[in-house]
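Notes for the one structure printed next.
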């Protein structure tokens with residue numbers, strides 16, 4: 080809604096997240112077709128062209144969206160992908176970003192996946208492309224437990240952010256409160272996975288497009304073209320990859336003079352290319368919360384002044400010799416539980432990163448013991464875990 084106050088928009092986004100009914104994830108099984116191409120028994124289709132997965136990613140999705148040229152000299156660039164799969168599109172995009180001296184300041188890659196691979200299976204699959212090994216190793220180290228919802232993985236000192244949306248696209252994409260500059264429409268063939276190409280989902284995806292957004296997909300089926308055209312895209316067929324003679328690219332239909340783009344996300348603009356004004360924050364109190372806030376702001380490019388009345392940090396309530404980090408579980412997986420889980424997993428990744436920098440951090444990932452007082456209290460965490 081145009082003109083809504085920031086507080087109102089924030090409350091609405093929280094309601095959107097809370098309304099999403101997460102579904103238990105079923106990991107993708109590791110399987111291959113007769114010619115050795117990774118294959119999905121669930122959908123009866125291959126994950127990428129048998130003519131080459133990495134080459135397909137570069138030709139269709141990067142080339143089809145004019146990358147890396149489109150992100151050059153921008154402060155921020157956002158890509159939305161439908162179908163993370165093997166992660167090839169992400170790894171190829173990350174590699175292209177690192178190799179580009181004119182790369183954008185920050186690359187956000189948002190990808191939805193209903194059936195993610197387990198870490199060991201993903202490592203085995205990505206090992207087929209040795210040139211991606213450095214990127215694949217970092218991704219494997221950060222790969223989250225397969226719990227539904229939103230996972231934020233940071234690489235390149237926070238300059239490359241992978242937002243994993245684990246669950247059905249029709250549930251999660253409408254709840255994602257952002258805009259994108261480029262769209263990777265991937266996924267299994269429309270005949271094999273029609274839900275991923277349903278006009279209702281393509282409309283939801285299109286509502287998040289920035290005014291200068293582009294798209295690319297290997298599918299040129301008539302229903303897909305009609306749905307995208309009806310959702311505001313101008314489409315063009317281009318030479319495809321391998322045995323696919325054609326692919327599809329598109330850009331947003333220009334608005335008439337004086338027309339404003341409407342919709343729930345119209346106040347967002349991921350397409351801005353100008354650097355933001357220098358941001359400066361004052362954080363009062365160098366306890367655990369204050370230091371954590373200061374660190375995250377600094378990681379995002381803010382100049383931070385941390386103000387503390389004592390000579391050293393953590394001198395009052397945060398001055399314990401040790402602490403425990405653990406998520407809060409609930410049988411209904413409510414908003415507080417989801418936020419707690421996301422924060423816990425992000426904290427673990429950050430601790431591992433800091434541990435690798437040899438800063439003298441003393442910590443261990445050892446788990447906790449919680450003793451139940453009665454049978455009901457014993458049953459509650461079991462039901463909460465089974466819900467995930």
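Numbering (the numbering used here), first residue to last: 80 to 467.
Idealized CB from N, CA, C, for every residue including glycine.
Quick caveat, the model's predicted, so the values are computed rather than measured.
{"Query": "Cβ distance (whole Å) where residue 135 is taken to contact residue 154 below 8 angstroms", "Result": "Rounded, the Cβ-Cβ distance is 30 angstroms, inconsistent with contact."}
{"Query": "CA-to-CA distance, residue 316 to residue 375, given in whole angstroms", "Result": "43 angstroms"}
{"Query": "Rounded straight-line distance, which links the Cα of residue 286 to that of residue 342", "Result": "With a pLDDT of only 46 at residue 342, under 50, the local geometry of the prediction cannot be trusted, and the value read off the model is given with reservation. Their backbone Cα atoms lie some 7 angstroms apart in a straight line."}
{"Query": "C-beta contact flag for residue 130 and residue 321 at 8 angstroms", "Result": "yes"}
{"Query": "Contiguous alpha helix (DSSP H) assignments of at least 4 residues, all confined to the region 169 to 200", "Result": "none"}
{"Query": "Strand pairing of residue 285, partner residues [DSSP]", "Result": "According to DSSP, which records beta bridges pairwise, residue 285 is partnered with nothing at all."}
{"Query": "Cβ separation of residue 106 and residue 225, assumed to be a contact under 8 angstroms, to the nearest whole Å", "Result": "6 angstroms"}
{"Query": "C-alpha distance - residue 470 paired with residue 329, whole-angstrom precision", "Result": "The chain is shown from 80 up to 467; residue 470 falls before or after that span and cannot be answered."}
{"Query": "Assigned exposure category for residue 318 - 16 Cβ within 10 Å defines buried", "Result": "exposed"}
{"Query": "Beta-carbon contacts of residue 100 that lie in its chain and below 8 angstroms, excluding the five residues immediately before and after", "Result": "250"}
{"Query": "The region 432 to 443 / the region 458 to 466 touching (three or more Cβ pairs under 8 angstroms)", "Result": "no"}
{"Query": "Other residues of its chain near residue 467: CB distance less than 6 angstroms, five sequence neighbours each side excluded", "Result": "226"}
{"Query": "Pair within 8 angstroms by beta-carbon distance, residue 120 and residue 110", "Result": "yes"}
{"Query": "Length of the line joining the Cα atoms of residue 307 and residue 281", "Result": "7 angstroms"}
{"Query": "Inter-residue spacing [alpha-carbon to alpha-carbon] between residue 350 and residue 389", "Result": "For residue 350, the predicted structure reports a pLDDT of 39, less than 50, and the residue's modelled location is therefore unreliable. The matter cannot be settled from this model."}
{"Query": "Residue 211 - DSSP class collapsed to helix/strand/coil", "Result": "helix"}
{"Query": "Contact belief for residue 387 with residue 364 at Cβ below 8 angstroms, rounded distance in angstroms", "Result": "6 angstroms"}
{"Query": "Beta-carbon proximity list for residue 232, same chain, < 6 angstroms, skipping 5 on both sides", "Result": "221 and 241"}
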